[in-house]
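Trainee: This is the structure, below, for whatever I ask next.
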Amino acid sequence: MKLYCLSNDPNKPCHILTFKEITIMLDCGLSMQSVLNFLPLSFVASNKLLNLPFWTPQNVSEPELEGELRENCDRVFIDSPPEFCPPLDKLIDFAQVDIILISNYLCMMALPFITEGTGFQGRIYATEPTLQIGRLLLEELVLNIEQCPKANFANQWKNFVHKLPYPLSDSFKPKSWKRIYNMSNVNASLSRIQMVGYNEKLDVYGALQVIPASSGYCLGSSNWVISSDHEKIVYLSGSSTLTTHPKPMDHHALKNADVLIMTDLTQTPISNPDGMLGVLCVVVGLTLRGGGNVLIPCYPTGVVYDLFECLSVKMQELGVSNCPMFFISPVADMSLAYSNILAEWLSSVKQNKVYVPDEPFPHGLLVKNSKLKHFKHIYSEGFSTDFQEPCVVFCGHPSCRFGDVVQFIELWGNNPRNCIVFTEPDFDYIDALAPYQPLQMKVAHCAIDTSLNFTQANKLIKDLKPSTLVVPECYTVPPVSAPNLTELVIENNPDRTLIPYKWGEVINLPLKRKQAQVFVEREIAQKIVPVEIKPGISLSSLTGTLKVKDNVHNMESLEKIKDPNYQANIQYEWGSLNVTEFLQKLSQDGITDAKVEPSGSGVMIHLQDEDALIQIEENCTHVLCNSDEKLRMRLRNMLMHCLKKF
Amino acid sequence: MPEIKITPLGAGQDVGRSCILLSMGGKNIMLDCGMHMGYNDERRFPDFSFICPEGPITPYIDCVIISHFHLDHCGALPYMSEMVGYSGPIYMTHPTKAIAPILLEDMRKVSVERKGDQNFFTSQMIKECMKKVIAVTLHQSVMVDNDLEIKAYYAGHVLGAAMFWIRVGSQSVVYTGDYNMTPDRHLGAAWIDKCRPDLLISESTYATTIRDSKRCRERDFLKKVHECIDRGGKVLIPVFALGRAQELCILLETYWERMNLKAPVYFAVGLTEKANNYYKMFITWTNQKIRKTFVQRNMFDFKHIKPFDRQYIDNPGPMVVFATPGMLHAGLSLHIFKKWSSNESNMVILPGFCVQGTVGHKILNGARKIEFEGRQIIEVKMSVEYMSFSAHADAKGIMQLIQYCEPRNVMLVHGEPAKMEFLKGKIKQEFNLECFNPANGETCVINTPVRIPIDVSLPLLKAEAKKFSALPSESKRQRVLHGVLLMKDNSTCLMDVDEACKEAGITRHVIRFTSTVHVNDPGPAMATAHKLHLLIKDRLPMWSVTFTDGSISLESVLVKVEGDDEEQKSVFVSWTNQDEGLGSYILGLLNSMSN
Ligand SMILES: [Zn+2]
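Listed below in structure tokens is the structure:
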């Protein structure tokens with residue numbers, strides 16, 4: 001069994017697992033850190049961005065790089081539509097992948113890169129919310145980039161990476177970066193997904209069983225149990241033990257695995273989500289009361305649902321409930337609608353509401369009461385009439401490189417009464433704001449990451465008791481942001497093997513299969529006569545017809561064999577032969593001329609009249625005679641009477 | 001032979017109060033717990049005293065499974081759990097869990113408040129009963145306990161309807177509840193995978209009907225409604241609040257829009273808005289088209305269909321009214337029927353099945369005079385139409401489902417005996433399957449083959465595969481797996497004999513025989529050996545025979561030739577006791593040559 005690591009970002013994982021000749025891709029995450037190196041895409045010509053000075057490295061002749069790089073506040077940016085770093089395609093041919101398992105909607109953004117134009121022919125499994133909400137995320141990404149077409153794609157700069165300033169110089173594999181896929185790729189890729197339910201047992205070519213188990217992280221998020229008759233592998237992706245809107249995490253299914261692969265832990269190991277939510281509420285209250293606007297760059301789904309609910313209550317308490325919340329995304333309406341029809345995937349509190357019937361989330365009501373207004377874009381019909389300040393705006397993208405957030409930063413950036421609040425943990429907020437500097441608006445950092453922190457992860461591992469634990473290497477050392485906090489690691493423990501891995505590696509996982517399973521027909525089973533060899537240990541020989549279909553082994557009755565030479569009930573003799581007893585049997589049978597001589601480690605019995613020799617040793621007996629079958633059969637019967645068998 | 005036992009307490013050669021007891025592998029499962037709409041006495045509930053004559057039935061039932069929210073499938077649930085006494089788990093889908101209590105409460109009101117029924121369950125009992133419900137999701141594998149597993153499949157029919165696959169050990173059963181194999185205006189078609197159950201228990205409401213196309217039926221329905229309102233008549237359509245009602249509303253709504261009709265359409269159920277809200281929230285259970293468009297336009301927001309008020313009954317002019325309940329056995333639909341029935345320009349359209357004893361059943365069978373309590377006699381002059389809109393599988397659909405899941409046996413329930421007989425014949429003929437249709441209280445026993453899973457050592461399997469592939473390809477006989485079963489502690493594993501002896505800590509005692517035959521064959525010994533090799537190969541074509549250094553071997557049998565170029569050769573045949581058959585056969589073969 002092997003594990004290939006294709007992604008350099010443990011929070012946007014992509015692995016290949018090969019087991020029992022089946023190739024499984026575990027998640028299909030797309031790292032988007034690369035986009036931070038690009039200038040923001042603005043669909044209204046931005047004077048500021050257009051007037052940034054060009055930048056050229058020393059000793060590089062102008063024409064080659066002309067226009068590709070621009071500088072702002074000591075940072076260099078690429079002036080081009082953004083590019084993305086897809087999963088590594090050198091280790092494995094994607095045409096060979098049999099199945100892809102998607103854990104949650106944040107771990108599938110690379111799907112079109114993997115499944116389209118690669119010869120991929122396998123199946124993709126994901127839950128219904130993962131598919132429906134994942135579709136929204138993919139569509140939003142494509143629309144956000146497509147609505148700001150740029151004439152040129154910058155490419156030359158990749159030849160001079162070593163001459164570029166940090167962080168561009170540190171870009172990860174820039175030559176493998178790709179432009180975003182288009183909508184038809186998205187549709188084609190998503191149409192390959194087969195929807196599955198929690199605890200649905202999926203059969204993979206008869207060789208493996210795959211089961212998704214609720215992971216508590218977001219709507220429809222799952223962990224995966226991959227098992228054969230005798231082995232159990234658990235793949236743990238984005239998981240949460242906190243109580244938010246999704247169905248709680250299912251621990252039980254993950255216990256006692258032979259191998260536990262653990263990835264996608266928190267990106268904010270030092271702060272806790274509840275505290276951050278508290279800070280957010282305070283910041284929003286203060287800003288609105290001071291007459292400023294709040295801008296929250298976010299994904300169009302996930303924690304925002306909780307933010308709508310939480311903030312609307314807080315704003316009421318703080319007396320600023322007359323300030324509206326705007327939710328702006330090309331998929332805002334779909335996101336709000338879908339979240340309210342996926343009751344079966346929600347926490348029991350939310351689920352019980354639909355039995356009333358009430359909508360599980362209050363945002364339907366907030367929309368009805370005009371507390372929450374949603375638009376596809378800021379240029380959508382009705383937005384300018386409804387727009388009112390001060391307000392709270394939720395819009396994408398959290399990288400601040402595309403989407404309506406670009407326009408809002410331009411609009412509000414110069415007013416110190418406004419505040420931009422970062423709640424998504426995927427991007428560093430300083431990097432996200434770098435192309436807009438200098439900014440007057442306040443900046444608050446309240447990243448809310450509900451996925452497992454190190455304390456929770458270590459506790460979970462203790463509870464799940466895997467034999468082997470496989471984690472990204474970066475989880476075995478303290479985070480770069482807090483090198484002294486040595487408790488922020490996955491603990492090593494003598495009870496299990498810990499195997500770290502990193503990008504581009506292929507790991508051999510210690511799993512030696514020793515046993516398989518066979519189904520025995522009742523008729524055969526009835527013939528089994530266990531012979532107790534020692535207390536508690538019994539043996540029985542067993543023979544049957546073997547039928548193999550779809551990797552399932554069945555043993556049926558032998559009766560139909562026509563070959564008369566085939567012995568249907570072979571048995572085995574064991575132990576040593578009691579020579580005295582055997583001699584007694586011989587004389588009872590009328591053979592009285594037996595001559596016993598010591599021979600080697602045993603004895604030799606010579607039957608003179610019958611012209612036969614019987615050589616007896618501790619573990620074997622050899623009968624030598626001429627072709628007198630009657631005599632041989634007599635001897636055989638006597639021998640078998642004297643020996644134990646099973 | 002292990003068995004599966006099935007006893008219908010209801011729905012055995014009958015429609016109404018579905019309730020089937022299933023026993024297998026020591027587990028007892030109740031499938032549905034319905035009530036009969038045609039009766040007002042104790043016959044309306046299944047006879048739970050069959051399970052135990054007195055006291056709670058909890059000790060005798062491991063779980064209860066409810067297929068969908070129709071009262072003939074869940075109407076007796078609060079009576080069973082709260083009055084007879086059952087505290088175990090009850091499984092149903094999320095929409096069923098949401099909607100069933102509403103319908104139960106509605107029925108309770110009609111029975112207790114209008115009919116003055118005594119000894120009926122209370123609102124509180126419905127609430128207590130629903131607390132015992134565990135909601136399941138489609139395809140989710142649910143372990144009721146360590147041995148009992150259930151899984152729900154989409155059944156169409158009504159929102160949240162499910163078929164259930166039930167497994168104990170190696171035995172399995174599929175219970176369909178009511179299902180529909182063709183998608184309709186708001187639901188998709190039932191689907192199941194090739195799960196090969198030992199028994200398929202299928203409803204057979206429309207066992208003999210091969211229904212004409214859906215489109216024709218819809219056109220027919222709209223034509224009749226249109227004609228009636230054109231002549232100024234009133235149309236009464238008795239329905240149940242949830243289910244068919246929504247489909248017919250979508251149908252009329254689009255027709256009214258297209259034809260620009262002005263006659264009012266009313267939906268006379270207090271539940272309508274609430275009911276439609278359920279459809280909105282469980283939109284994932286509806287069909288593809290509705291799911292796709294629900295964000296832009298909600299199919300369940302109707303423009304032409306208005307809420308009904310009792311005062312409208314006597315309004316002049318044409319109108320269309322949807323009223324509950326669907327079988328005209330009580331409530332508003334019956335009230336309107338009484339008011340309108342004497343006018344021949346009016347029409348009643350019964351869009352679903354009516355059980356025996358209901359007014360619906362009577363007028364469908366041509367009764368023109370109906371007698372009610374208090375000697376009230378009503379003459380039926382209005383036209384009576386029946387349109388099969390209930391979403392049940394027809395004969396074709398039932399055959400299709402059998403094809404999908406490939407059961408070993410079939411049992412028909414929830415249908416009329418004569419129709420069942422017809423379908424039974426068809427199933428036997430087409431699939432060559434055993435088909436049962438027990439009556440209520442009659443126990444049916446089905447024998448099932450058993451497959452016992454045991455562990456097998458991988459080297460043993462690999463050795464067999466290697467040996468099998470080495471066999472001459474033109475003579476591949478059946479594959480044979482032979483080994484020794486080691487039973488130790490709680491584990492059982494099949495392995496190679498030497499491995500088993502090692503694990504058990506014993507040594508084998510090998511008995512070997514060597515017999516000598518004298519054969520007359522001049523020439524070198526090698527030539528004789530060659531001849532013998534060909535002979536043995538010819539006689540034992542199914543075995544892999546090898547020839548090396550002048551000795552012939554197959555399995556443990558070894559044949560060697562000795563002697564100079566003289567006439568007589570000594571042939572030694574040697575084998576272990578385990579190959580006695582083969583060894584003695586070859587010895588016999590040589591003996592016959594020497595003579
Ligand atoms: Zn039904």
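Just so you know, the sequences run in chain order A and B. Read left to right, the first sequence gives residues 1 to 646 (full-length UniProt numbering). Read left to right, the second sequence gives residues 1 to 595 (full-length UniProt numbering). Backbone N, C-alpha and C fix where the C-beta goes; we use that ideal spot for every residue, glycine too. The model shown is predicted, which means the values in this text are computed figures rather than measured ones.
1. For the segment 169-191 of chain B, list every residue whose C-beta sits within 7 Å of some C-beta in chain A, in sequence order.
2. Closest by CA to lysine 223 of chain B, which one among B:Glu385, B:Asn180 and B:Trp285?
3. If we count the other Cβ atoms within 10 Å of its Cβ and call it buried at 16 or more, is cysteine 298 of chain A buried or exposed?
4. Is it right to say glutamate 203 of chain B is buried, meaning 16 or more other beta carbons lie within 10 angstroms of its own, or is it exposed?
5. Give me, in chain order, the residues of the same chain whose beta-carbon lies closer than 6 Å to that of alanine 343 of chain A; leave out the 5 immediate sequence neighbours on both sides.
6. Quick check: is any heavy atom of ligand 1 less than 7 Å from the C-beta of histidine 553 of chain A?
7. Give a yes or no on whether 8 Å exceeds the smallest Cβ distance from residue 675 of chain B to chain A.
8. Any chance the CB of valine 355 of chain B is under 7 Å from a heavy atom of ligand 1?
9. Any C-beta of chain B sitting closer than 8 Å to the C-beta of methionine 555 of chain A?
10. Tell me leucine 486 of chain B's beta-bridge partners as DSSP assigns them.
11. Considering Cα atoms alone, identify which of A:Asp463, A:Lys514, A:Phe77 and A:Gly403 is closest to leucine 494 of chain B.
12. Please list, in chain order, the residues of the segment 528-547 of chain A that have any C-beta partner in chain B closer than 8 Å.
13. Kindly provide the chain-ordered list of residues whose Cβ lies closer than 5 Å to any non-hydrogen atom of ligand 1.
14. From the DSSP output, in three-state form, read off lysine 531 of chain B for me.
15. With 7 Å as the C-beta to C-beta threshold (strictly closer), list the residues of the segment 511-530 of chain B near chain A in chain order.
16. Answer with buried or exposed for leucine 365 of chain A, where buried requires no fewer than 16 other C-beta atoms within 10 angstroms of its C-beta.
17. Indicate whether methionine 37 of chain B and methionine 327 of chain B have their beta-carbon atoms separated by less than 8 Å.
18. At which residues does the beta strand (DSSP E) containing asparagine 185 of chain A begin and terminate?
19. Exposed or buried, what is glutamate 464 of chain B when buried is set at 16 or more other beta-carbons lying within 10 Å of its beta-carbon?
20. Could you compute how far the alpha carbon of glycine 403 of chain A sits from the alpha carbon of tyrosine 379 of chain A?
21. Looking only at its own chain, which residues have a Cβ that is under 6 Å from the Cβ of isoleucine 124 of chain A, when we skip the five neighbours before and after it?
22. Would aspartate 306 of chain A and histidine 245 of chain A be called neighbours here (beta carbons separated by less than 8 Å)?
23. Spatial neighbours of glutamate 386 of chain A within its chain, please: C-beta separation below 7 Å, excluding the five flanking residues on both sides.
24. Name the chain A residues whose beta carbon is nearer than 7 Å to that of asparagine 277 of chain B?
25. Taking the alpha helix (DSSP H) that arginine 135 of chain A falls in, what are its first and last residues?
26. Quick check on asparagine 440 of chain B: buried or exposed, where buried means 16 or more other Cβ atoms within 10 Å of its Cβ?
27. Can you tell me which of the three DSSP states valine 235 of chain B falls into?
28. Is the Cβ-Cβ distance between valine 168 of chain B and glycine 25 of chain B less than 8 Å?
29. Would you kindly report the start and end of the unbroken alpha helix (DSSP H) that includes glutamate 421 of chain B?
30. Taking asparagine 577 of chain B as the reference, which of B:Asp394, B:Ser515, B:Ile506 and B:Thr324 has the closest Cα?
31. Out of curiosity, what's the CA-to-CA distance linking glutamate 389 of chain A and valine 320 of chain A?
32. Identify every run of the beta strand (DSSP E) within the segment 68-130 of chain A, keeping only runs that are complete inside it and at least 3 residues long; order them along the chain.
33. In three-state DSSP terms, what is valine 168 of chain B?
34. What separation, rounded to the nearest whole angstrom, lies between the Cα atoms of arginine 244 of chain B and alanine 161 of chain B?
35. For lysine 419 of chain B and lysine 234 of chain B, I'd like the C-alpha separation in whole angstroms.
36. Taking 8 Å as the threshold (C-beta atoms), are serine 333 of chain B and isoleucine 378 of chain B in contact?
Mentor: Let's see:
1. Contact annotation: in the segment 169-191 of chain B, no residue has its CB less than 7 Å from a CB in chain A.
2. The alpha carbon of lysine 223 of chain B has as its nearest neighbour, out of B:Glu385, B:Asn180 and B:Trp285, the alpha carbon of B:Glu385.
3. By the neighbour-count definition (other C-beta atoms within 10 Å, threshold 16), cysteine 298 of chain A is a buried residue.
4. With 16 or more other Cβ atoms within 10 Å, it is buried.
5. Annotation for alanine 343 of chain A: Gln351, Val354 and Pro360 place their beta carbon closer than 6 Å to its own, counting only its chain and skipping 5 residues before and after.
6. No - ligand 1 has no heavy atom lying nearer than 7 Å to the Cβ of histidine 553 of chain A.
7. With chain B represented from 1 up to 595, any question about residue 675 of chain B goes unanswered, as that position is not in the structure.
8. Outside the cutoff, so no.
9. Against chain B, the CB of methionine 555 of chain A has a partner CB under 8 Å away; the residue lies at that interface.
10. DSSP output for leucine 486 of chain B lists A:Leu539 and B:Cys493 as bridge partner(s).
11. When only C-alpha atoms are compared, the closest one is A:Lys514.
12. Identification of residues in the segment 528-547 of chain A having a C-beta nearer than 8 Å to some C-beta of chain B yields Ile528, Pro530, Ile533, Lys534, Gly536, Ile537, Ser538, Leu539, Ser540, Ser541, Leu542, Thr543, Gly544, Thr545, Leu546 and Lys547, given in sequence order.
13. Result: B:His70 and B:Asp178.
14. In the structure shown, lysine 531 of chain B sits in a helix (DSSP, three-state: H, G or I).
15. Residues Ile511, Arg512, Phe513, Thr514, Ser515, Thr516 and Val517.
16. Its Cβ having fewer than 16 others within 10 Å, leucine 365 of chain A is exposed.
17. Result yes, Cβ atoms of methionine 37 of chain B and methionine 327 of chain B sit closer than 8 Å.
18. Looking at the DSSP string, asparagine 185 of chain A is not in any beta strand (DSSP E); the run it does join, the alpha helix (DSSP H), is 183-190.
19. Classification of glutamate 464 of chain B: buried, given that the 10 Å Cβ count is 16 or more.
20. So the alpha carbons of these two residues sit roughly 12 Å apart.
21. So the qualifying residues of the chain are Ile100, Arg192 and Ile193.
22. Result yes, Cβ atoms of aspartate 306 of chain A and histidine 245 of chain A sit closer than 8 Å.
23. In the sequence as presented, glutamate is not what sits at residue 386 of chain A; that position holds aspartate. Closer than 7 Å at the Cβ level, and outside the excluded window around aspartate 386 of chain A, lie Lys373.
24. Going along chain A in sequence order, the residues near asparagine 277 of chain B (Cβ under 7 Å) are Pro357.
25. For arginine 135 of chain A, the enclosing alpha helix (DSSP H) stretches over residues 128-146.
26. Buried.
27. Secondary structure of valine 235 of chain B (DSSP, three-state): strand.
28. The answer is yes: Cβ separation under 8 Å.
29. Taken as a continuous stretch (DSSP letters only), the alpha helix (DSSP H) holding glutamate 421 of chain B covers 417-431.
30. In terms of CA proximity to asparagine 577 of chain B, B:Ser515 leads the group B:Asp394, B:Ser515, B:Ile506 and B:Thr324.
31. C-alpha separation (whole angstroms): 12 Å.
32. Every beta strand (DSSP E) stretch that sits fully inside the segment 68-130 of chain A and reaches 3 residues is listed by chain position as 69-72, 75-78, 99-101 and 123-127.
33. When secondary structure is reduced to three states using DSSP, valine 168 of chain B falls in the strand class.
34. Each residue's Cα considered, the two are about 13 Å apart.
35. Computed Cα separation, rounded: 34 Å.
36. Taking C-beta atoms as the reference points, isoleucine 378 of chain B and serine 333 of chain B fail to come closer than 8 Å.
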